[in-house]
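Those protein sequence lines, which keep their order, are chains A and B. Each residue of the first sequence is one higher than the last, beginning at 57 in the numbering used here. Each residue of the second sequence is one higher than the last, beginning at -6 in the numbering used here.
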Amino acid sequence: MLARALCGTVFGLDGVRVEVEADIADGLPGFHIVGLGDRALQEARERVKIAINNSGFEFPGRRVTVNLAPAQLPKEGTGFDLAIAAAVVNAALDRRLPSDAAWLGELALDGAVRPIRGTLAITAHLDRLGVRRFYVPSANVAEARIATAAPVLGVDHLRDLKAHWEDGAPLTEAARAAADVVSPVSILIDLADVRGQPHAKRALEVAAAGAHHLLLVGPPGAGKTLLARALPGILPGLTQQEAVEVTSIASCVGMLPPGAGLLEVPPFRAPHHTISPAALVGGGGAAPRPGEVTRAHRGVLFMDEITEFRRDALESLRQPLEEGKLAVARTRGHAVLPGRFILVAAANPCPCGFAGDPKRFCECTPLERQRYRARLSGPIRDRIDLQVTVPRQAAGELLRAEVVAENSATVRDRVIQARARQHARRPQGPLNGALSGTQLRKDAALDANSQVLLETAADRLQLSGRAVHRVLRVARTIADLDHRPQIEQSHVAEALQYRESG
Amino acid sequence: MAEDPLPDPPHKGEGDRRESTVWLTDPTYPWLLKQIHDPPPRLFVRGRLPPVPMIAIVGSRRATPYGCRAAHRLARDLSDAGVVVVSGLARGIDAAAHRGALEGGTPTVAVMATGLDRIYPPEHGELATGIAASGALITEAEEGTLPLPGRFPVRNRIISGLSLGVVVVEAAERSGALITARMAAEQGREVFCVPGSIENPLAIGGHRLIKDGAKLVQTVEDVLDEFADLAHARARAHARTHARTRTRTRADSGPQDPELFAVWELLDWVEPRHHDDLAVMMNLDSKEVSRRLTLLEMSGYIIGDCGAVTRRARD
Ligand SMILES: [Zn+2]
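Encoded structure:
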């Protein structure tokens, strides 16, 4: 007696089809699984057997062999349980499962069906291969529906499938699951909640409008984290395609909350400075492993105390910063992981923290300050177009004098319009933050006044060629925010205030 | 590890830890210090005592940022002019003076009240290492001597005794720095003072010195002018100061453009101001403040200091 059940897994960020075959033969009772890693095999065998027995079925007292194909695919995770159970139970019933149905889910020992990672990616892949019916954990229904128009049935418990399998009773689509879609808890900060700091807020707006990387320099407690958290809220919302991409990534790495549907807000990730290069940018091995950079794809990567990060971790950021993606070496060949994000870095101005503070005296020697800054290496610095000094919290009277601050929605509207101008100019991209020198010559032409100003600045401030490019990219974005086709002197003047400084 | 069977050699260790004892009778004993009425019979030295003219800079441990900047700048300029800056390794003005001197071209000397093995305050360990690498840490106290209050006035006579003159930057009444200045006067050395704000209590002691005849100091030239022997140093200082200041300014009357003048007016020459304060005070957008600051900066009216902080430029 033989039965087959379709399921899938993720390889890196891609869904892969896996077929489970169960064969029941006469012989000494036993349960063998072929095609899984040693430990996973052992665990799946125990889980599935006990779950079947606890769900009103009887595990066959004969020789049961299960094969997971393709055999050479490294299979990880626990998402095969439901398909294994389906194949075993139906083989025992000598019943065939429809060949266009897929079974995704992990089993608890009592037979409950638990959510799995990567439902979206797996469903999307199987949908393309012609699967027309999906049985998934209830908590993954919303996610699966993003990827397929076919019926998605939420399964809470293995027991619920008994009548379906034994008597052919129909399993109704889980209406409940659709109503249960939860939005992920928002960690976003509205710009109106950040007191004062008009200079840093304006820099955030420019960063959002042109997708420029940003460095916030200031003492601890100056509110750098709060500012960084406000950035996703002023970015344009994700397009449908981007949202699917972001949701699928979140699902594959296990970041999607149970019951969640499409994520529409750009992600925000804030790795700690002790993170390894592999955890930051991802790594290879049997399967590509996405890191923080991929989790921050289409959103914001916040690196607080960036000078404290491991040097090799900072070096590893180079490729994603330059290309928006990362090639990771694998046992065979390499895989590409997406990683296009806005970097918000934060650092103290110097070891003592007081450099640039009008009220305190910095005790560091120039050598100490220089060494400290050198920890942020050239290639990363070259990619950071905007730098602002964030002061220690302003005095109470200055805060009281402030008019009501703009909220994120208002700023986001301006950002969206500035992005529209960029898309009109370059429908294929890139955004201003990634314009090359050649592209700048075309897009960032200067009028006579701004040309004079930039030349004066380059001379007085001894700006390098790369530094001039950074100023031009930022000036282009400022002009876009100002609805001007041509960069004007005021745009260059403002851009110069965000330059890297000592 | 075997113990060293030999008695302690006069020079132990290497690099910045090389130590020696200089006796009053040694030819290397500082000549000026020998002239005071109670010179220490021997000095413990880590590093090397530079055989060039010395000027002391002393002041409060709780100095203001203005005082620290003034001490730092004056020390750097003296050092650039080839003068050794002497101070006491304390927090505040002393440390700013040593650090400023280290930025210049001449070694600096720290006179300690403790033994060479007890750097005080402890957080100045790295600073002390930097000082001894090119200049010297010196003390008359034996190893193991703790920072007891009584040791400091005794130490102060060495600071003034080594120096042609003493510059006071921010000294409260009855402070150690003031005592050092009085000792300098008794030892026949010049006394200088960098003035402060009349609202600053730490300036009172120094201002009293000025009333009593101490020379008011604004620039390094004000110090060097008092010493005919330092004429060459004065010439060097002059050249250096002008090399450092790349940006010349057009008078103190500010820019013509009323929009730019409005910003310039809110800045001063000493205390830098943050961008955000200007935006609030003028009720302007951040982008407009940025625009004006750049235009002021590019025409030499202001100096951008560490990002968003600016002050007026001066020559
Ligand atoms: Zn510092």
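The beta carbon of each residue, even a glycine, is placed where N, CA and C say it ideally should be.
Buried or exposed: which applies to P146 of chain B, given that a residue is buried once 16 or more other Cβ atoms fall within 10 Å of its Cβ?
exposed
Determine whether the beta carbon atoms of T107 of chain B and S127 of chain B lie at a separation below 9 angstroms.
no
For a cutoff of 9 angstroms on Cβ pairs, would you count L288 of chain B as touching chain A?
yes
Could you work out which residues of chain B lie near Q253 of chain A, taking near to mean beta carbons separated by less than 7 angstroms?
D269
Residues in its own chain within less than 8 angstroms of A352 of chain A by CB, not counting five upstream and five downstream?
P323, F324, R325, G395 and F397
Tell me, please, which residues DSSP counts as bridged to T14 of chain B.
B:F37
Looking only at its own chain, which residues have a Cβ that is under 7 angstroms from the Cβ of E320 of chain A, when we skip the five neighbours before and after it?
G293, L294 and A299
Less than 9 angstroms between CB atoms is the rule here; does I436 of chain A satisfy it with respect to chain B?
It does not; no Cβ of chain B falls within 9 angstroms.
Let me see if you follow: with CB-CB separation under 9 angstroms, is K257 of chain A close to chain B or not?
yes
In the DSSP assignment, find the unbroken beta strand (DSSP E) run with E75 of chain A in it and report its ends.
E75 of chain A -> beta strand (DSSP E) spans D70 to A81.
With DSSP as the reference, label D441 of chain A as helix, strand or coil.
DSSP places D441 of chain A in strand when its eight states are reduced to three.
Which stretch, first to last residue, makes up the beta strand (DSSP E) that contains P146 of chain B?
P146 of chain B -> not in any beta strand (DSSP E); alpha helix (DSSP H) instead, spanning R144 to L155.
Taking A549 of chain A as the query, report the chain B residues whose CB atoms sit under 7 angstroms from its CB, ordered along the chain.
S283, R284, T287 and L288
At 7 angstroms on the CB atoms, spell out the chain A contacts of K280 of chain B, in chain order.
R258 and E550
Quick one: Cα of A391 of chain A to Cα of V337 of chain A, how far?
Just so you know, the alpha carbons of A391 of chain A and V337 of chain A end up roughly 13 angstroms apart.
May I ask you to check if the CB of A403 of chain A is nearer than 8 angstroms to at least one heavy atom of ligand 1?
no
Is T173 of chain B buried or exposed, if buried means 16 or more other CB atoms sit within 10 Å of its CB?
buried
Short of 8 angstroms Cβ to Cβ, which residues in the region 508 to 528 of chain A face chain B?
L509, T512, A513 and R516
Can you give the Cα-Cα distance for S292 of chain B and D269 of chain B, rounded to whole angstroms?
22 angstroms
Taking just the CA atoms, how far does C63 of chain A sit from W159 of chain A?
5 angstroms
If you compare alpha carbons, which of A:R497, A:Y191, A:T204 and A:L357 is closest to H220 of chain A?
A:Y191
Determine the chain A residues that contact M291 of chain B at a beta-carbon separation under 7 angstroms, and present them in chain order.
Under the 7 angstroms cutoff, chain A gives L509, T512, A513 and R516.
Using a Cβ-Cβ distance cut-off of 9 angstroms, determine whether Y191 of chain A contacts chain B.
Not an interface residue.
Is it the case that the CB of P314 of chain A approaches a heavy atom of ligand 1 more closely than 8 angstroms?
no
Grab me the residues of S546 of chain A's own chain with a C-beta within less than 6 angstroms of its C-beta, minus the 5 sequence neighbours each way, in chain order.
none
Could you please tell me which residues of the region 470 to 490 of chain A, in chain order, have their CB closer than 9 angstroms to any CB of chain B?
none
Note down, in chain order, every chain B residue with its Cβ under 7 angstroms from the Cβ of S546 of chain A.
R284
Indicate, with yes or no, if ligand 1 has a heavy atom lying under 8 angstroms from the CB of E364 of chain A.
no
Just to confirm the assignment, what range does the beta strand (DSSP E) spanning C63 of chain A have?
L58 to F67
Buried or exposed: which applies to L288 of chain B, given that a residue is buried once 16 or more other Cβ atoms fall within 10 Å of its Cβ?
Using a 10 angstroms sphere on the CB of L288 of chain B, the tally of other CB atoms reaches 16 or more, which defines it as buried.
Run through DSSP, which three-state label would P43 of chain B get?
coil
Looking at N488 of chain A: is its Cβ nearer than 9 angstroms to the Cβ of D503 of chain A?
no
What did DSSP end up calling P132 of chain B once you bin it into helix, strand or coil?
In the sequence as displayed, the identity of residue 132 of chain B is Thr instead of Pro. T132 of chain B falls in the strand class under three-state DSSP.
Select from the region 61 to 76 of chain B all residues with a C-beta closer than 9 angstroms to any C-beta belonging to chain A, and list them in chain order.
Those residues of the region 61 to 76 of chain B placed with their C-beta closer than 9 angstroms to a C-beta in chain A are C61, R62 and H65, ordered along the chain.
For the alpha helix (DSSP H) that L153 of chain A lies in, which residues bound it at each end?
From DSSP, L153 of chain A is part of no alpha helix (DSSP H); its letter is neither H nor E.
Looking at C-beta atoms only, is the number of pairs between the region 376 to 383 of chain A and the region 244 to 261 of chain A that lie closer than 8 angstroms three or more?
no
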